[in-house]
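Our numbering puts the first residue of the sequence shown at 450, with every later residue one more than the last.
By construction, the Cβ of each residue, glycine as well, lies at the ideal position given by its N, Cα and C atoms.
These notes are about the structure you will find just below.
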Amino acid sequence: MPSEPALVTNSFSEEETAKKSPISRNGKKSHPAPLGSQWSLHAAKYRQVADGTIFPFALMLADECHQISPLDAPSARALDDGTGTGVVTAALKSLYPSLHVIAADVSPGMIDSFTTRISDEGWENVEARLLDAQNLEGIGNASLSHVLSTFMVCLTPDPKKVVAEMLRVTRPGGVLGLGVWADPYFGALNTPFTKACRELDPGYQSVPMMDEEWTRADNVEEGLKEAGYVDVRMREMMMLKEWASLDEACDHFWNGKNPAVMLMHDSWKADGRPPLEELKPAFRRLYGEAMDRDGKVISEVWITMGTARKPG
């Protein structure tokens with residue numbers, strides 16, 4: 450069994466939840482989901498961060514799925530849905546080398562990076578497919594024993610369609626392993642950014658980066674049950690990312706081309722506000738204060754993770 454990554458479990462109080470986001474299940478703000486082509490621009494930077502930060506959680510998620518239904522069984526076939534640069538596939542192949550994996554992503558740039566990785570890693574029984582998670586065309590009904598996905602569902606235009614497709618391609622009794630960001634505003638970045646914005650424009654309003662109904666554990670559980678899953682077990686925990694320096698962290702925020710982060714940038718550009726360049730000194734100060742851990746630069750990001758099963 451893989452060792453657990455650095456984490457603590459989380460239970461948001463009502464007060465903490467209100468501070469994190471004023472939106473509610475019945476009255477939420479909309480989030481403009483990034484396009485696949487936008488994620489292509491982020492592919493190179495994404496792997497640098499994801500391999501070190503997300504990989505331990507991908508290992509843990511894979512092991513939890515394996516405990517429900519063995520991933521090393523001869524009949525096992527898995528989908529890495531929204532693979533990005535292949536973090537989940539890397540975890541699966543490290544634990545279950547013979548497992549057949551289909552890795553799908555809507556971003557051509559991510560798939561190009563992943564295809565190179567297949568060759569570099571020498572993986573066998575791995576397929577890369579350019580597919581929209583809302584329409585897994587070419588993957589048959591009930592053809593997979595496991596579907597795993599990390600930090601994709603909450604960022605899509607229609608999470609319900611994505612989850613319905615996951616259920617469709619899963620065999621009866623098959624397993625879903627799911628990870629999503631737990632804060633629709635992604636407060637680790639949005640809080641210092643919003644504070645910096647309000648130093649220049651007190652009326653600035655932060656924007657949600659993802660769908661609240663597919664972020665927090667109780668909402669995700671409800672959504673999965675409504676979709677038809679059973680034995681749904683989701684919980685919230687903290688993911689830690691240690692940066693080499695504050696300069697590195699700030700560079701990733703401003704220049705990493707993460708489409709979700711660029712939603713924040715774009716929210717400032719409206720209404721004739723000053724250029725983003727004028728925000729950078731205040732953001733650096735506030736971001737540094739938020740991440741300072743006895744001289745180390747550490748981001749604390751809440752995630753929701755767990756498993757579910759298709760009836761049968």
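Query, Result
"Separation of Pro-730 from Met-579, as counted between CA atoms", "The residue asked about is misnamed: residue 579 is Leu in this sequence, not Met. Those two C-alpha atoms are separated by around 40 angstroms."
"Exposure of Val-679, with buried meaning 16 or more beta-carbon neighbours within 10 Å", "exposed"
"Contact between the region 603 to 613 and the region 636 to 647 (3+ Cβ pairs under 8 angstroms)", "no"
"Residue environment, Ser-598, which counts as buried when at least 16 other CB atoms sit within 10 Å", "buried"
"Supposed contact pair Met-713 and Phe-642 - C-beta distance, whole angstroms, cut 8 angstroms", "5 angstroms"
"Limits of the unbroken beta strand (DSSP E) element including Ile-560", "Counting along the chain, Ile-560 falls outside any beta strand (DSSP E), though it belongs to the alpha helix (DSSP H) covering 557 to 570."
"C-beta atoms of Arg-684 and Met-754 nearer than 9 angstroms", "yes"
"Proximal residues to Asp-529 (C-beta, below 8 angstroms), its chain only, five neighbours per side dropped", "Gly-535, Val-537, Thr-538, Leu-541, Val-550, Ile-551, Ala-552, Ala-553, Leu-597, Ser-598"
"4 or more residues per run - each alpha helix (DSSP H) lying fully within the region 599 to 672", "608 to 618, 636 to 649"
"Beta-carbon proximity of Met-615 to Ala-582, cut-off 9 angstroms", "yes"
"DSSP state of Ile-517 mapped onto helix, strand, coil", "helix"
"Whether Leu-627 touches Thr-756 by CB criterion (9 angstroms)", "yes"
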